[in-house]
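Line order of the protein sequences matches chains A and B.
At position 424 of the first sequence the residue is numbered 423 (numbering that gives the first Met the number 0), and the sequence of numbers has no breaks.
At position 250 of the second sequence the residue is numbered 249 (numbering that gives the first Met the number 0), and the sequence of numbers has no breaks.
Virtual Cβ for every residue (Gly too), placed ideally from N, Cα, C.
Before any comments, here is the structure.
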Amino acid sequence: MTAATTPPVLLEARNLTQRYRQPNGQELEALRDISLTVREKEVVAFVGPSGCGKSTLLRILVGLMRPTSGEVRYRGEALSGVLHSAGMVFQSFALLPWLTVAENIAMGLEARGASPGETTQAVERALDLVGLGGFANAYPRELSGGMKQRVGFARALAVEPEVLFMDEPFGSLDPLTAEHLRSQVIEMWGDGANRVSSLVVVTHSIEEAVFLAGRIFVMGANPGVVRAEIANTLPYPRQERSADFGAMVERLHAVLTDTLLPEVKPAAAAPRLIPFPRVHVAEVTGLLEHLIRRPEGRTDVFDLAERVGVDYDRMTAVVHAAEQLGYVTTPGDAVVLTAEGRQLMAVEIEDRKVALRSRLQQHPLFARVLEMLRQGEGELEDTDLLEDLTIFFPFIPAQALFETLVEWGRAVELLDHDPTRERLWLTVGG
Amino acid sequence: MIAAPPPSHHPARRPGLADLAVLALVAGGLALIISFAREFRAPMVAAVPIDLRPSALPRYTMYSFIRGVLALAISYLFAVGFGWTAARWRTAERLLLPVLDILQSVPVLGFLPGLVLGLVALFPARNVGLELAAILMIFTAQAWNLALSFYNSLKSIPQELREACRMAAWPEWRQFRQLMLPAAAQGLVWNGMLSMAGGWFFLMINEAFRLGDHDFRLPGVGAYMSVAVEHGDSRATALALVAMAVMIVASDRLLWRPLVVWAQKYRLDDSAGGPAEESWILGVLQRSVLWRLRPAARWRPPRSARKAALPLRRGIRRARRMLRPRRAVLLVGCLTRGALVVALAAVALGAVVGLYRVGRLLVHLPRADWGNLAGAAGLTFLRVMSAVVLSTLWALPVGIWVGTSPRISRALAPVIQLFASFPAPMLFPIVVLVLAWLGVPLGFGAIALMVLAAQWYILFNVISAVEAAPGQLAEATLAFRLPPWQRWRKLYIPVAFPSLVTGWITAAGGAWNAAIVAEYVQQGSAVRTTTGLGSLISLATERANFPLLAGGVLVMSGMVVGWNRAVWRPLARLAQTRFGLTQ
Chain A
0 MTAATTPPVL LEARNLTQRY RQPNGQELEA LRDISLTVRE KEVVAFVGPS
50 GCGKSTLLRI LVGLMRPTSG EVRYRGEALS GVLHSAGMVF QSFALLPWLT
100 VAENIAMGLE ARGASPGETT QAVERALDLV GLGGFANAYP RELSGGMKQR
150 VGFARALAVE PEVLFMDEPF GSLDPLTAEH LRSQVIEMWG DGANRVSSLV
200 VVTHSIEEAV FLAGRIFVMG ANPGVVRAEI ANTLPYPRQE RSADFGAMVE
250 RLHAVLTDTL LPEVKPAAAA PRLIPFPRVH VAEVTGLLEH LIRRPEGRTD
300 VFDLAERVGV DYDRMTAVVH AAEQLGYVTT PGDAVVLTAE GRQLMAVEIE
350 DRKVALRSRL QQHPLFARVL EMLRQGEGEL EDTDLLEDLT IFFPFIPAQA
400 LFETLVEWGR AVELLDHDPT RERLWLTVGG
Chain B
0 MIAAPPPSHH PARRPGLADL AVLALVAGGL ALIISFAREF RAPMVAAVPI
50 DLRPSALPRY TMYSFIRGVL ALAISYLFAV GFGWTAARWR TAERLLLPVL
100 DILQSVPVLG FLPGLVLGLV ALFPARNVGL ELAAILMIFT AQAWNLALSF
150 YNSLKSIPQE LREACRMAAW PEWRQFRQLM LPAAAQGLVW NGMLSMAGGW
200 FFLMINEAFR LGDHDFRLPG VGAYMSVAVE HGDSRATALA LVAMAVMIVA
250 SDRLLWRPLV VWAQKYRLDD SAGGPAEESW ILGVLQRSVL WRLRPAARWR
300 PPRSARKAAL PLRRGIRRAR RMLRPRRAVL LVGCLTRGAL VVALAAVALG
350 AVVGLYRVGR LLVHLPRADW GNLAGAAGLT FLRVMSAVVL STLWALPVGI
400 WVGTSPRISR ALAPVIQLFA SFPAPMLFPI VVLVLAWLGV PLGFGAIALM
450 VLAAQWYILF NVISAVEAAP GQLAEATLAF RLPPWQRWRK LYIPVAFPSL
500 VTGWITAAGG AWNAAIVAEY VQQGSAVRTT TGLGSLISLA TERANFPLLA
550 GGVLVMSGMV VGWNRAVWRP LARLAQTRFG LTQ
């Protein structure tokens, strides 16, 4: 691809917005006003935290879902129904267990008007392409995960699509298989032996996005929006251990941190209610435990995620929680233990509960819950708190937030909960 | 070659015993259908004289069996239509699910007069009307759980599988055939098995009943049993019971076992699952050479014919191309939608007219009768609950005991299955004799009869729950040396509780149904009866007192639905949150 001639636009999304009404009547905004283009001969990736609507965006682009407002255009024509020249690869493979491998691959061919002879040939070609030549008559349950996803790719490629859509295609595979299949996909896309022009991939792995994509859209959640668009000009095939690759990963990390962990603004006049991240008590103390062993109680978020072996989404949530409680600060990509954090780690384990309790009592959201409990003479019905949470945080699943609050409240003995009576009450500490 | 049929697992053989068996089965089936068709077309005889000689019994049993199978076929059609509509359109869902819930609770006698009078009026000269009425009455005991099962299967198809089919641009019909039906196959087979058993419950009433001063009787094992009991012929009674048992075992071996094994192919989860079921019948069927004689699948018309059809084909292709544009698709969509709206409106209208009719009937019901109904309903309610409690008292410990021992459970499974699918009302005459001999009044005896109908649901559910309990939990109780009583209290009873609630729901339903035959028993030429809702309904049917019948059925359905909503469902939810095994 040369910079002088930009390839023509294949797909264009204009002002896509998607809203859902949840069973409890709560309205959820999954996507807000998203506009972007996919050009010929390029690989586009969407990355972002879970719940940012990247899979929804993919389904709208394919035509499996209709947006609440906005439109998708394919080569200038508005899309209605499923995009004819698209193939799709699913995270869970989505193979029909009662059809053989060959029958699964042939799924889309007959509807496109292929004769039996053409179907046979196309299936054979697709099978050879993914290296499963001998497995035509096997059933999916006889195959390993990697082989199943190969069938998924073969099925998507058999219809000779112009755009290949992939929803976390390597997400349910083991790392080795995923790496292998990833290289093969890029090889297949580059060698021009098929009609596939562009790839659109949804992933939660930064390395995967850098490995595959020429353009990366970083998305943010609640509501889902495109926060940044990054061009990745590394030449294919990309070497994961090269310095350039590492630098690109770092850059994407920095963008993600910036969008996901923005610098804390100077305290506003009144304490604003912020949702508490869905993390466990032990995760936060574990983070502090880890930090105190680092020089100056300081580390890098991505480094940390890798070292601890959790995904990046989860790590940011944990850091967020610790930051809300004042145990860490996050200048740039770094996570730094504060004086309060050190203090908490210094006391005996039995006394930590008390220290953590006084911190929680100052947290605006917990303070509000405690206030509600006191007004109810120490008791509160689940539904009352759930309703309250729904009003304050309309875009967050209230039940999950509720469960987190209960867990933390119990851990420091501020409150207790009975799921059968569906009631909360204050305990000694509160 | 990829599209070639999968290589056969059996080497090519010459026709053998397996083929002979298959041929014999096919021939037997054909002969049966022809003989039954003759009975269908025979001139109308309201009450066929029943031949009590043992030699007549096989024919009667076969007739009953065919009625059950035909009713099941209709039930499947209904279930598929209902489930598909309810799963596809949200509006339909909101209307149809409550309707199903209510229909489920209406006892068969509530349908009887309408069906019989309507269909006999429609076919006054031939037996068809009466036969159809009997078949549809069996249908009313089979259809509802099948419909619910199909609906639930459709609702639980993974989203990505649906999307894969849409990506493949499969038309609706193909999605139905290759996605929905396979995904629902296992549920349909298992529930078909339950429905078949449920369909026999009222066999005696379905085949022999009195409506006002008319006696209706159809040739069948149920009618045979009724007549045998009426004549006090104990040998014929015993023979009828044996015939029924043989029919149940035979249909389990010849029909259900092969179907269950076959349906395993259509599991949705990828896991290998537990030990595969086996069926020798399916083995015989698959080994047969006859299947390979199917020429239709690979048949192509001779070349001359194809050539002759060429112009036609071009025309078809052109027509297809013309039909392809969006407009046609939209048109078809609009038509389907329109048809659906009309159908739903018809259902709603039917419901309204039905309600109006029932309302007009109820207006004629004297106030005194309402009082009787209320009192009777209270009595029957107490009996139903006693039956559930008594059943639990024995079935819970026995279920836990059987469930914890794989050896016992394997040994007892076929016996329990036979007893469970045996229609309890056919045992009533014998039990009533014993009760009379013991001097127990029918007011209490009816409870024993209801226990007969209700206990199996509880036993089955407890056994399966205990068997499914994670082995590590049992090991933990052993490791911490819990005394036996504590192991039961801490582990097995809580583990069984959610299933126990499910069992209670079904058992109570069975007990309500049984009330109709338990509180009003024909003993020789005499009728033994005790006050209760069931006996009121039976009496109203026999005297053709339609206002009282409508009132009785209404009260019974209302109590079943109300109790389900107010007690069973909250209890089931509680059981799931408190004792569910998901952590």
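Cβ-Cβ distance between residue i and residue j below 8 Å
i: alanine 113 of chain A; j: alanine 121 of chain A; result: yes
i: glutamate 130 of chain B; j: leucine 193 of chain B; result: no
i: leucine 272 of chain A; j: leucine 364 of chain A; result: yes
i: valine 248 of chain A; j: valine 200 of chain A; result: no
i: leucine 172 of chain A; j: isoleucine 205 of chain A; result: no
i: methionine 314 of chain A; j: leucine 303 of chain A; result: yes
i: alanine 12 of chain A; j: valine 71 of chain A; result: yes
i: leucine 63 of chain A; j: glutamate 466 of chain B; result: no
i: tryptophan 511 of chain B; j: valine 383 of chain B; result: yes
i: phenylalanine 200 of chain B; j: proline 422 of chain B; result: yes
i: leucine 414 of chain A; j: threonine 426 of chain A; result: yes
Best match in the options for proximity to residue i [C-alpha to C-alpha]
i: tyrosine 59 of chain B; options: B:Gln485, B:Ala376, B:Val241, B:Phe138; result: B:Val241
i: alanine 281 of chain A; options: A:Phe216, A:Leu355, A:Leu82, A:Ser91; result: A:Leu355
i: valine 195 of chain A; options: A:Ile185, A:Glu370, A:His203, A:His252; result: A:Ile185
i: tyrosine 456 of chain B; options: B:Val431, B:Pro483, B:Thr501; result: B:Thr501
i: alanine 41 of chain B; options: B:Ala124, B:Arg176, B:Leu147, B:Gly337; result: B:Ala124
i: leucine 15 of chain A; options: A:Gln21, A:Val8, A:Thr36, A:Pro7; result: A:Thr36
i: aspartate 299 of chain A; options: A:Thr328, A:Tyr73, A:Ala345; result: A:Thr328
i: glycine 262 of chain B; options: B:Ala182, B:Asn460, B:Glu162, B:Leu364; result: A small fix is needed here, since residue 262 of chain B is alanine in this sequence, not glycine. Of the listed residues, the one whose Cα sits closest to alanine 262 of chain B is B:Ala182.
i: tyrosine 223 of chain B; options: B:Ala447, B:Leu31, B:Pro48, B:Ala565; result: B:Pro48
i: arginine 226 of chain A; options: A:Pro48, A:Asp190, A:Arg358, A:His83; result: A:Pro48
i: glycine 130 of chain A; options: A:Pro139, A:Arg149, A:Gly340, A:Arg293; result: A:Arg149
i: alanine 192 of chain A; options: A:Leu95, A:Ser54, A:Glu159; result: A:Glu159
i: glycine 107 of chain A; options: B:Leu94, B:Trp169, B:Val68; result: B:Trp169
Where residue i meets chain A, residues with beta-carbon distance less than 9 Å
i: arginine 266 of chain B; result: Pro96, Trp97, Arg140
i: leucine 178 of chain B; result: Leu95
Chain B residues whose Cβ lies nearer than 8 Å to that of residue i
i: serine 91 of chain A; result: Pro157, Glu159
i: arginine 111 of chain A; result: Ala168
i: valine 81 of chain A; result: Arg165, Met166, Ala168
Chain-ordered neighbours of residue i on chain A, where CB pairs are closer than 7 Å
i: threonine 576 of chain B; result: Pro418, Thr419
i: leucine 187 of chain B; result: Per Cβ cutoff of 7 Å: no residues; leucine 187 of chain B is ~14 Å from chain A at best.
i: proline 181 of chain B; result: Trp97
Contacts that residue i makes with chain A (C-beta to C-beta distance below 8 Å)
i: glutamate 162 of chain B; result: Arg58, Leu63, Met87, Phe89, Ala93
i: leucine 573 of chain B; result: Thr419
7 Å Cβ cut-off: residues of chain B touching residue i
i: glycine 107 of chain A; result: Met166, Ala167, Ala168
Opening and closing residue of the alpha helix (DSSP H) in which residue i lies
i: tryptophan 400 of chain B; result: 366-403
i: phenylalanine 391 of chain A; result: 381-391
i: alanine 338 of chain A; result: 338-345
i: arginine 572 of chain B; result: 568-578
i: alanine 531 of chain B; result: First, the amino acid is wrong: residue 531 of chain B is glycine here, not alanine. That residue, glycine 531 of chain B, is in no alpha helix (DSSP H); it is neither H nor E in DSSP.
i: alanine 208 of chain A; result: 205-211
Residue range of the beta strand (DSSP E) that includes residue i
i: glycine 86 of chain A; result: 85-88
i: leucine 27 of chain A; result: 26-38
* Asked: For the 8 Å Cβ check, are there 3 or more pairs between the stretch 471-482 of chain B and the stretch 58-74 of chain B?
  -> no
* **the stretch 55-66 of chain A contacting the stretch 121-132 of chain A, beta-carbon criterion three pairs below 8 Å** => no
* Are three or more beta carbon pairs between the stretch 196-211 of chain B and the stretch 132-140 of chain B nearer than 8 Å? -> With contact defined as three or more Cβ pairs closer than 8 Å, the stretch 196-211 of chain B and the stretch 132-140 of chain B are in contact.
* Counting pairs of Cβ atoms below 8 Å between the stretch 372-385 of chain B and the stretch 538-555 of chain B, do you hit three or more? -> Enough Cβ pairs lie closer than 8 Å, so yes.
* To do: Report yes or no: do three or more beta-carbon pairs, one from the stretch 228-237 of chain B and one from the stretch 138-149 of chain B, lie closer than 8 Å?
  => no
* **contact_flag[the stretch 542-550 of chain B, the stretch 384-397 of chain B] where n(CB pairs < 8 Å) is 3 or more** => No, they do not touch.
* Asked: Taking three-plus beta-carbon pairs below 8 Å as touching, is the stretch 432-442 of chain B in contact with the stretch 510-530 of chain B?
  -> Yes, they touch.
* **Inter-stretch contact at 8 Å, needing at least 3 Cβ pairs: the stretch 446-463 of chain B / the stretch 365-372 of chain B** => no
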